[in-house]
Amino acid sequence: MNTHTPSDDTFWIGPTDAWLLAEGKHLRPWQKLGAHPTTMGGQAGVAFAVWAPAARWVGLSGDFNGWQAQGMRHRPECGVWELFVPGAGVGAWYKFQVEGADGRTVLKTDPYARETELPPGNAARVCEPLRASHAHAAPHQRPAVPMAIYEVHAGSWKRPGGWDVMPTWDDLAQHLVPYATSLGFTHIELLPVNEHPFYASWGYQPTGLYAPTARYGRPDGFRRFVEAAHAAGLKIILDWVPAHFPTDEHALARFDGTPLYEHADPREGFHRDWNTLIYNFGRHEVKNFLVGNALYWVEQFGIDGLRVDAVASMLYRDYSRPAGEWVPNKDGGRENYEAIAFLREVHEVLQREAPQATTIAEESTAFPQVTGPVQHGGLGFDHKWNMGWMHDTLAYMSQDPVHRRWHHHKMSFAMMYAYSEDYVLPLSHDEVVHGKGSLLGKMSGDPWQKLANLRALYAWMYAHPGKKLLFMGAELAQPTEWNHDAELPWHLLEQPAHAGVQNLVHDLNMLYRQQPALHARDTDPDSFRWLVVDDADQSVLAFVRFGRALEDTLVAVANFTPVVRHDYRVGLPHDGAWTERLNTDSSHYGGSNVGNHGRVQAQPQPMHGQGWSAPLTLPPLGVLFLQPEKT
């Protein structure tokens, strides 16, 4: 097949695009780099373009030319090599043959590939023309709406085709979407769906940031899945990995024979924890590649948000590095100014071009203003995972109730900083992998107590300020660690105790969504008040959440011992009758049905700083939600 060598005025990449790419200011670089069906010089074909500024020569190999490399034309003003191939079309497979500055010739996968072969194959595929980008006039905002996130690994949620057959996106649209909807979740968060060579990395070692992994089907299948979720009222969040990438030769590593996407100095460019390479955020073309990718998923697939992985590793130059083995910033400090600037730019672009999109940071340090606005010196995220809450709460729940009095502060400490950021409370995949066991396995006690503790944990999370996240299998009270090579143990639902936990998750989601007290004022310190915070001896805690109206008020009372407590008096902010809206010890959830017969009456006996109070029966290892009855 012949190549087309255009005259200067018919380059695929025109002068403006070349300048924007060179400056790292191309808002949508994927519109020019990669493979694009088009017409040039009156001929239909495909335009190919790849950034490899230091390469000695770049050739294009594909099934349209018998995999015999055809030389591409160098555009030195932007470091891009381009070639138009008449007659090539959608569905064609291709690779770039790069003769690098180091003298080695390597077959490389297109960094902007929108579809690749099923691993271990790594050829890229020419896709249908891109969707048009649409401007959004509405400003970016964080609405005070409930956010109940179901975190999912697509390959191991359910395998309807058999235990050893990967599900397709259409399978997940058919099964996962109605399931998550039926349990009352508002969002599905997917572990990374970008292409990755090693399945057991779960997508966190990406080689194709622009390509949905071929393991679950074609990109159009992924788009149908997102559309099915939207039709059911669910939003989709993707885990996004701009912190690092693997060293696989076919991918970004030393792409043009030099450290192009990564830092040259291993003290800056190599992650010891993961044996991966770190993006050079200070190089504007690299930053453009990543910022563009964030916008790409939102615009081209309708994604509603991105959860950014490993933010802490990006923010600090000495992250997981011993003294003397990291490079300080220009001021001699440990903060990574270039990564900070990159994260701010991501948010400036998303909030301007895709204001409907949400971003969430997995950030485990006390770095200030992670969810602060960029214009006020923040990083710009909408939400941040509250890792401190998660660690403290799980540490407490793992203690034998006899010893919990000595760890009582772990359950109250999170409120000391609860309003410093806009938090998500995560019980994520990270807590059920690498030998950590399951959530159920972390709970103390005999089998009945473990389940009771787990139910109490979930109710405590839903009552506590912060958005909610549960990893798949948590709702089944899965007793074993998550296994990415198998589907969830759905047979557990045949056992009433496990089905009861699923019932509880459903009811918690519905109550969370229905009650403004649990979400409408999540970031307002005046919406929370401790009632019982110092009863360490009995391991009892109680607090009130305020909504917009009196009837929105909700009181949560937790008894973290297996002892039933009778006539335990708790202060209440209103008089009249209070409904027991939820009791984790209900037999519907697998409990022993200890409670208050569904209703208590406030008495004019001041307590806990409130004008009224009521004597309660606190169930063993149980949590109660009380709400004033409407009059």
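Each number in this note's numbering comes from the position in the sequence shown (counting from 1) with 421 added on. Note that beta-carbon positions come from the ideal geometry of N, C-alpha and C, so glycine has one too.
### Task
Go ahead and label valine 511 buried or exposed: buried means 16 or more other beta carbons lie within 10 angstroms of its beta carbon, across all protein chains shown.
exposed
### Query
Any idea if alanine 569 is buried or exposed, counting beta-carbon neighbours within 10 angstroms, 16 or more meaning buried?
buried
#### Entry: Nonlocal neighbours in the same chain, by C-beta distance under 6 Å from proline 951, ignoring five residues either side
Just to set this straight, residue 951 is tryptophan in the shown sequence, not proline. For tryptophan 951, where only same-chain residues beyond five positions count, the Cβ hits under 6 Å are Phe964.
### Message
Among the candidates Pro550, Phe1046 and Glu648, whose CA atom is the shortest distance from the CA of valine 598?
### Response
Glu648
### Task
Using DSSP bridges, identify the partner residues of glutamate 444.
Answer is none; glutamate 444 lacks a bridge partner.
### Task
Use the C-beta contact count for proline 1049: other C-beta atoms within 10 angstroms, 16 or more gives buried, fewer gives exposed.
buried
### Task
Per DSSP, which residues does valine 976 bridge with? Please list them.
Val965 and Leu1047
### Message
Quick check on DSSP: helix, strand or coil for glutamine 626?
### Response
coil
### Message
I need the straight-line Cα distance from phenylalanine 619 to threonine 628, nearest angstrom please.
### Response
10 Å
#### Entry: Backbone CA spacing between asparagine 543 and tryptophan 502 [nearest angstrom]
20 Å
### Query
If we ignore side chains and look at the alpha-carbon of each, how far apart do valine 1021 and alanine 998 end up?
6 Å
### Message
Let me check understanding here. Comparing Cα to Cα, which of Ala575, Val984, Leu593 and Gln464 lies closest to proline 613?
### Response
Ala575
### Message
Please state whether the Cβ-Cβ distance between threonine 537 and arginine 525 is less than 8 Å.
### Response
no
### Query
Can you tell me the Cα-Cα spacing of histidine 608 and isoleucine 657, whole angstroms?
6 Å
#### Entry: Distance CB(alanine 565)-CB(histidine 940) smaller than 8 Å
yes
### Task
Mark leucine 971 as exposed unless 16 or more other C-beta atoms lie within 10 angstroms of its C-beta, in which case mark it buried.
exposed
### Task
Can you grab the Cα-Cα spacing for the pair tyrosine 533 / tyrosine 883, in whole Å?
41 Å
#### Entry: Integer-rounded CB distance, given that tryptophan 695 should sit under 8 Å from histidine 665
6 Å
### Message
Quick check: leucine 1047 and valine 976, are their CB atoms within less than 8 Å of each other?
### Response
yes
### Query
According to DSSP, is proline 687 helix, strand or coil?
helix
### Message
For tryptophan 440, tell me which candidate among Trp451, Arg496, Phe469 and Gly483 has the shortest Cα-Cα distance.
### Response
Arg496
### Message
Tell me which residues share the same chain as asparagine 904 and place their Cβ nearer than 8 Å to its Cβ, disregarding the 5 neighbours each side in the sequence.
### Response
Ser577
### Unbroken beta strand (DSSP E) run spanning lysine 516, endpoints
514–520
### Alpha-carbon to alpha-carbon, alanine 621 and phenylalanine 702
27 Å
#### Entry: DSSP-derived helix/strand/coil call for histidine 608
strand
### Message
Could you pull the DSSP bridge partners for alanine 468 from this structure?
### Response
His457 and Phe505
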